[in-house]
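Undergrad: Have a look at this one before I ask anything.
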Amino acid sequence: MKFLRSFLFCCCLLPARAFAAGTLSGSVKGHQKQALADVVVRILNTAYGATTNENGDFLIANIPDGRYKVEFKLMGHHTAVKSVDIRSGETSHLHIALENSLQEMNEVAVLGRNVLTEVSRQSYNVTAINAAKLHNTTLDLSHALDRVSGIRVREEGGVGSRINFSLNGFTGKQVRFFIDGVPMDNFGSSFQINNLPINLAERIEVYKGVVPIWLGADALGGAVNIVTSSKARSYLDVSYSFGSFNTHKSTLNAGYTSKSGFTAQLNAFQNYSDNNYWVHVDVADVNTGKYYPDQRVRRFHDQYHNETIIGNIGFVNKKFADQLLLGMTLGKNHADVQTGARIVSVFGNYYTRGNIVMPSLKYAKNDLFVKGLNLRLNANYNLGEEQVVDTVYRRYNWFQQYKEYPGLGSERSRSLYTYRNNNGLATANLSYQLGKRHSFMLNNVFNTFDRIGSDPLKPGAEVYEQPQKLMKNVTGLGYKFDFNKRWSTSLFYKSFWQKTTFSQSYNPSGNWGDVAYLKQENKFSNSGYGIATSYFITSKFQVKASAEQSYRLPDTYEMFGDLVNLDGNLSLKPEMSRNYNLGANYNFHIAHIHKFSLDGNILYRDVQDFIRATLNNNQTKQVMENRDRVTNMGLDAEVRYSYKKAFTMGFNVTYQNLRNKTKYEPGSAVESVLYNDRIPNMPFLFGNADASYFIHNAFRKGNTLSIGYNMLYVHAYYLYWPSLGKDKLDIPMQLSHDLNMVYAMAEGKYNIALECKNVLDSRLYDNFSLQKPGRAFNIKLRYFIQSKPSHN
Amino acid sequence: MITLALGLGIAAGSCKKDEKKTDTPVSTAKTKYIVASTPIASTGVADYLLTTDKLTEGSITTLGNGKEQDGTYRYYITHKNRFFSLLYGQGNPGAVTTYNLSGSGELTKVSDFQSETVQVFNTVNDDVLLIKVPRSGNESASMYRINADQSQIVGEAQVNIVQLAGNGERAHFTWATQVGNKVYAPYMSIKGVSPDVFGTSFPDSSWVAVFSYPDLKLEKVIRDNRTGSIGAYFNNGLTQIENGDAYAFSPASATLSGKANGTKPSAIIRIKSGTTEFDQSYFFNVQEKSGGHHIYRSTYFGNGKFLLQMYGDANALTGMNKLAIADVNAQTFTWVTGAPADVALSATSRNTITSDDKQTVYIGLNSTAEGSYVYSVDVNTAKATRGLKVEGGKITAICKLTY
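Keeping their order, the protein sequence lines are chains H and Z. All residue numbers in the first sequence are consecutive under the numbering used here, ending with 857. All residue numbers in the second sequence are consecutive under the numbering used here, ending with 1399.
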């Protein structure tokens, strides 16, 4: 509730003596006394100016003596002009508050998750989730994202289960994830959106289609940026939740910033669940294979837990750096594997585990050498390793009975394989503001990968000793032109480069049994470009349009495989997409009591060399291939309504029309019968609805009770191509209802939340035959304090 | 409906009685062919089961038609007038669906049962015998006996394939064939180590493991060194003919690090009826007679004559499908004419079925240029004639049932 009611309070002026040059310092706050960052402070009729930092502070030095008018501007706020006297050798101070110009935000912001205006007002098609508002829930990031139009998160099971993220029809690696602008692709299984708690994030930005240059990297159809709290302040946020299926989750987020600029941040979190929810399944007799149809049994080998700690120490607001942080992320996870691709294949001992050991460095400096030149650097290196453990020679059924066989064997594929990917990442972002209208940005993201692995069960398997290296670099150059407050346009150009080093086996002598390896190198380079523009027709009605041609480079898993279920394909080409977006949003109110917000987007995607999973020649593993050409014409829309501060509701719907445009399949000169068919096994119509009711000062002044409801709807879709066959397999329609109640005491210092998910205990499936949890209850306790007045 | 079913029951019952009385059953049953088709696409692909009365003319399509099968790769076998749809589930167990034909000739599901992913499946007595052959990791192959009437597993046995190979590699069963009252399972030797799992340092030997039935005890290994291993991955290489002799087909297609390393020709060898040795007096050098081509797969017409699918390139393990007819008694080799030349060889399809009169083999050919058709190959004229068109995908299997 950063932008709640605002009022202006005046500055104070300090008298001083007249000399050659003086300094102006001060701070800008919002109505709730929260620090306002990025406020443009200009001394009118001069070239002097500055931008406020994250504390809302600014400093302008070397100003000639005189009396000046100083202008304070921030989008979404009324511009303020103050007078000040500057005197040589002295520092004048201006401390002001800016009034929010979007009055209707007040009410929508009660629970309007899509109204983080600064973000949403960019030219890009972006939705921002105010994660802070969800801190009292037990959601993980993936479930929070599932409520955004255009996004569908498909799960295979309960806590920590494998997910399949889709954004406007793009899935898997086509959508990139970032944390504070740093690509997350190298973080391993211990640090993914299905195990990160919502409390880690301050806000989540979802870019649909064109991704802004400062996010860098190669994304094809969009990106998700998780913004963690980086406020230079002192705070403590502790929560614990307990729920059905023996699920325990806790988080601890703490930060400390001293007056001298020393800062320390700690984020720790833990998830644990037995995931032993009930499923309906045909249970096979362990000896005869005969099915006992439609039995209600508990999942029994699906324990998941992960524990992660992230620490950062450093300095903020120093001369040498606006931010300098050294960090370390340590974490591990363990996931039992309960089923294969179908629920009838069941395991009882097979599991995977992984860890993350990742040192990191963050550096930011504004006004480097010259004013308006800002630099940000990030680097990290993941030393974590992953392991698949399958060594028990048994066959289980859903009654937990098993047959054990003598000798060495496994449930699926015997393995103790352990590997490290040795991922390194460095990003640099340099931006320069030239005058009021022009800004330039240069972004570079560099990745390295060097997989080293071994399996004690397979000594001498030389493949593990062979080089599997990859280097990737993406450079972006952007230019933004702000014609006026209403019209803004960005142009960008990206250059992609990738080098892979690997080896191929060959027989050097022609003699039997003689194997040698030849070192090979592959290189790709490509470039992409695009434009994004936005225009405010009125202050409450904005239209946005963007177009781009972008590439996604195949990632390391796709090229080298995971040595478990995915074979590598070293000849994968980058996939290319042309993306077009058109969006509009409009806010209005009736008598300042009924507030409405409407948001709609149309998009078109044309993807070539679409990277898709297929089975390898021996049909034992998946392998990625460049095959299909796919187009998608998609629509999504969202309507929100609020009544005073008491009630809010919203509704969103997404339709995506993904069509196969491969007219001639390889190995056939006959037109494919699937040409123009809908891509199967992808949800194409889905939506969410939510409503919340707030009782302010419930039971006691300062306490708030809220009651919320969420609904998810997903239209049924076919598992295989829709036009083929008569008796068809499908993933049935999903309709689920969640209820929650949050009681926040002492202005949000203490919070108790109760949740009931899937209230009607519906049988829900995201993937064919893999049933998701039924009705579940959770309770969450949270304690939150901070040294500065609450900003939310 | 009830009277119809009842009537059929009586008819079937009387049919059995007839069989007992006379040796020439009067079959009043009608035949339906089941054609499995997979769309040519890289993703979201399932098999569709289509039924047809004739393979020699007309067309069928998967568009809005056919029974969708779960799983990208499935295999089919018929036994005791039942159709079994098996999942190849990447090491995972999966459901096997059994179908028969209803009184009106509709493919109707009888039951489901669970089975393992297997690489070998064939009929033995009243059973369908399945063998799961791990190519790496596990050292034991598992054999399962499925009773065709009960549609469930009635017996299981393990054999250690590393010990069986005895050469440091693994014995990988290519297929299993009932010969007399035993099961003969030819195997190839494979390294079983990534990245060259199917590579071998022993390309020039033939092995057949002999198992008792139904207890599936290993009794003997028959070995020869005149050609390569019998059959190939997922491919039968051993057929018993009417006089009880078993003919073994070797593609001689072993590789090491992706390169062919065999030195012996692709040939047919023989196990005489009543013996458990290769007949050293018989050697049909197919590679020589064909002008250098290797055998890919064989289908038996009858009377000692086989339809061969051959590698299209001479002295290489590459090229498009070429058809030929081999007479194992006369040791003659004849190329078949009239078949399209642009048909890729596929290890996993089971596209042939032999007519009751043993004069014709129907073969599904997936041509790049013309699409998918069933061709009839005449054993006497060695001519292939285009018949049923299958629209909407590649033909992956042809089976038949009666009703």
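Even for Gly, the Cβ is constructed at its ideal location relative to N, Cα and C.
1) Taking 7 angstroms as the threshold (beta carbon to beta carbon), is Z/ARG1268 in contact with chain H?
2) Going by beta-carbon coordinates alone, are H/VAL351 and H/TRP463 separated by less than 7 angstroms?
3) Can you tell me whether DSSP reads H/SER757 as helix, strand or coil?
4) With contact counted as at least three CB pairs below 8 angstroms, one residue from each stretch, are the region 558-566 of chain H and the region 531-545 of chain H in contact?
5) If you measure between the beta carbons of H/THR540 and H/ASN494, is that distance less than 7 angstroms?
6) Distance, Cα to Cα, H/VAL411 vs H/GLN403?
7) I need the straight-line Cα distance from H/VAL454 to H/SER480, nearest angstrom please.
8) Output yes or no for whether 7 angstroms exceeds the beta carbon distance between Z/ASP1123 and Z/ASN1096.
9) Starting from Z/ILE1267, follow the beta strand (DSSP E) in both directions and report where the run begins and ends.
10) Span of the alpha helix (DSSP H) holding H/HIS313?
11) What would DSSP say about H/ASN179, mapped onto helix, strand or coil?
12) Note down the Cα distance separating H/PHE589 from H/THR293, rounded to an integer number of angstroms.
13) Can you check whether the C-beta of Z/GLN1231 is within less than 7 angstroms of a C-beta belonging to chain H?
14) Output, in chain order, the set of chain H residues within a Cβ distance shorter than 7 angstroms of Z/TYR1044.
15) How about H/VAL381 and H/GLY320: do their beta carbons lie closer than 7 angstroms?
16) Pick helix, strand or coil for Z/ALA1161, following the three-state DSSP scheme.
17) What residue range does the alpha helix (DSSP H) around H/HIS208 cover?
18) What residues in its chain sit with their C-beta under 6 angstroms from that of Z/ALA1007, if we drop five residues either side in the sequence?
19) Are the C-beta atoms of Z/PHE1169 and some chain H residue less than 7 angstroms apart?
20) Have a look at the DSSP bridge pairing and note the partners of Z/TRP1171.
21) Leaving out the 5 sequence neighbours to the left and right, which residues in its chain are closer than 6 angstroms to Z/SER1269 when beta-carbon positions are compared?
22) Return the bridge partner residues of Z/SER1201 from the DSSP annotation.
23) Report yes if the CB atom of H/TYR497 is closer than 7 angstroms to the CB atom of H/LEU442, and no otherwise.
24) So what's H/TRP786 in DSSP terms, helix, strand or just coil?
25) For Z/GLY1060, which residues in chain H fall below 8 angstroms Cβ to Cβ?
26) Start and end of the beta strand (DSSP E) containing H/GLU450?
27) In chain order, what residues of the same chain lie with their CB nearer than 7 angstroms to the CB of H/ILE658, ignoring the 5 residues before and after it?
28) Is H/GLY274 closer than 7 angstroms to H/LEU723 when the C-beta atoms are compared?
29) What are the start and end residues of the alpha helix (DSSP H) that includes H/TYR497?
30) Between H/ARG479 and chain Z, is there a C-beta pair that is closer than 7 angstroms?
31) List, from N- to C-terminal side, the alpha helix (DSSP H) runs of 4 residues or more that fit wholly inside the region 82-110 of chain H.
32) So, at 6 angstroms on beta carbons, what are the nonlocal neighbours of Z/TYR1034 in its own chain, with the 5 sequence-adjacent residues on each side left out?
33) Are Z/PHE1297 and Z/LYS1354 closer than 7 angstroms when you measure CB to CB?
34) Straight-line CA distance for H/ASN538 to H/ARG617?
35) So Z/GLN1065 and Z/LEU1045 are supposed to be a Cβ contact under 8 angstroms. How far apart are they, rounded?
36) DSSP state of Z/LEU1341, grouped into three classes?
TA: Once the coordinates are examined:
1) In the sequence under discussion, the amino acid at residue 1268 of chain Z is Lys, which differs from the Arg named in the question. With 7 angstroms as the cut-off, Z/LYS1268 does not count as an interface residue toward chain H.
2) It is not a contact, given that the beta carbons lie outside the stated cut-off.
3) It is a strand residue.
4) With the cut-off at 8 angstroms, the region 558-566 of chain H and the region 531-545 of chain H touch.
5) No, Cβ-Cβ distance for H/THR540 and H/ASN494 is not below 7 angstroms.
6) Going by C-alpha positions, H/VAL411 is about 6 angstroms away from H/GLN403.
7) C-alpha of H/VAL454 to C-alpha of H/SER480: approximately 6 angstroms in a straight line.
8) No. Outside cutoff.
9) Annotation for Z/ILE1267: the continuous beta strand (DSSP E) segment containing it runs 1263-1267.
10) From DSSP, H/HIS313 is part of no alpha helix (DSSP H) but of the beta strand (DSSP E) over 312-322.
11) Note that H/ASN179 scores 40 on pLDDT, short of 50, meaning its location in the model is unreliable and no value can be drawn from it.
12) Straight-line measurement puts the Cα of H/THR293 at about 34 angstroms from the Cα of H/PHE589.
13) In the sequence as presented, Gln is not what sits at residue 1231 of chain Z; that position holds Asn. So, not an interface residue.
14) Taking a Cβ-Cβ cut-off of 7 angstroms, the neighbours of Z/TYR1044 in chain H comprise LEU789, GLY790, given in sequence order.
15) It is not a contact, given that the beta carbons lie outside the stated cut-off.
16) DSSP, read as helix, strand or coil, puts Z/ALA1161 in helix.
17) Residue range 206-210 is occupied by the alpha helix (DSSP H) that includes H/HIS208.
18) A caution first: Z/ALA1007 carries a pLDDT of 32, below 50, which makes its placement in the model unreliable, though a value can still be read off. Around Z/ALA1007: no qualifying Cβ.
19) When Cβ-Cβ separations below 7 angstroms define contact, Z/PHE1169 makes no contact with chain H.
20) DSSP lists no partner for Z/TRP1171.
21) Close CB contacts of Z/SER1269 within its chain, under the 6 angstroms cut and outside five residues either way in sequence, are with GLY1240, ASP1241 (chain order).
22) The partner list for Z/SER1201 (beta bridge, DSSP) is empty, contrary to what the question assumes.
23) Going by C-beta atoms, H/TYR497 is not nearer than 7 angstroms to H/LEU442.
24) The answer is coil: DSSP assigns H/TRP786 none of H, G, I, E or B.
25) Under the 8 angstroms cutoff, chain H gives SER788, LEU789, GLY790, LYS791.
26) Where H/GLU450 is concerned, the enclosing beta strand (DSSP E) stretches over 450-454.
27) Cβ neighbours of H/ILE658 beyond the five flanking positions: TYR708, LYS709.
28) For H/LEU723 and H/GLY274, no; Cβs fall outside 7 angstroms.
29) In the DSSP annotation of this structure, H/TYR497 is not part of any alpha helix (DSSP H); the continuous beta strand (DSSP E) holding it starts and ends at 488-499.
30) Chain Z has a Cβ within less than 7 angstroms of the Cβ of H/ARG479.
31) Scanning the region 82-110 of chain H for uninterrupted alpha helix (DSSP H) segments of 4 residues or longer gives nothing; none is fully contained.
32) Just to set this straight, residue 1034 of chain Z is Thr in the shown sequence, not Tyr. The beta carbon of Z/THR1034 sits closer than 6 angstroms to the beta carbons of VAL1041, ASP1043, GLY1389, LYS1390, THR1392 from its chain, once the five residues preceding and following it are set aside; these are given in chain order.
33) If you check the CB distance, Z/PHE1297 and Z/LYS1354 come in under 7 angstroms.
34) Whole-angstrom Cα-Cα distance: 12 angstroms.
35) Rounded to whole angstroms, the Cβ separation of Z/GLN1065 and Z/LEU1045 is 7 angstroms, and the two are in contact under 8 angstroms.
36) Coil.
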